[in-house]
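Asks:
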Amino acid sequence: MLVWTPITRQSGQMGDSLKDRVRQTLLRRLNEDGPDPEQDDTRAVAVAADLEALEMVSAEDPLVEELARRYLVF
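According to my numbering, the residues represented by the sequence shown are 4 to 77, in order.
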């Protein structure tokens, strides 16, 4: 089972960049849905894959905006 923990700044608060807000939204979705041991949840798999992809790109990468649109992050 994957457990995602947010990356925080030294102050302990999430940043307010678009990438930080997208990360926070993805983490919240994963935590709210929770694991379902009886079946593979394709939505949770997709969210986890998007979170992993987000972590691999810079804040200026077009993927950040694409994910923001997909998950309605403003």
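Heads up, the beta-carbon is just placed ideally off N, CA and C, and yes, glycines get one too.
Here the structure is a predicted model, which is why all the values come from computation and not from measurement.
(1) Which of the three DSSP states, helix, strand or coil, is assigned to Val60?
(2) Counting along the chain, where does the alpha helix (DSSP H) carrying Leu29 start and finish?
(3) Applying the criterion that 16 or more other CB atoms from any shown protein chain within 10 Å of the CB defines a buried residue, is Thr28 buried or exposed?
(4) Please classify Arg72 as buried or exposed, where buried requires at least 16 neighbouring CB atoms within 10 angstroms.
(5) Give the straight-line distance between the Cα atoms of Ser61 and Arg24, rounded to the nearest whole angstrom.
Replies: Short version:
(1) coil
(2) Leu21 to Asp36
(3) buried
(4) exposed
(5) 14 Å
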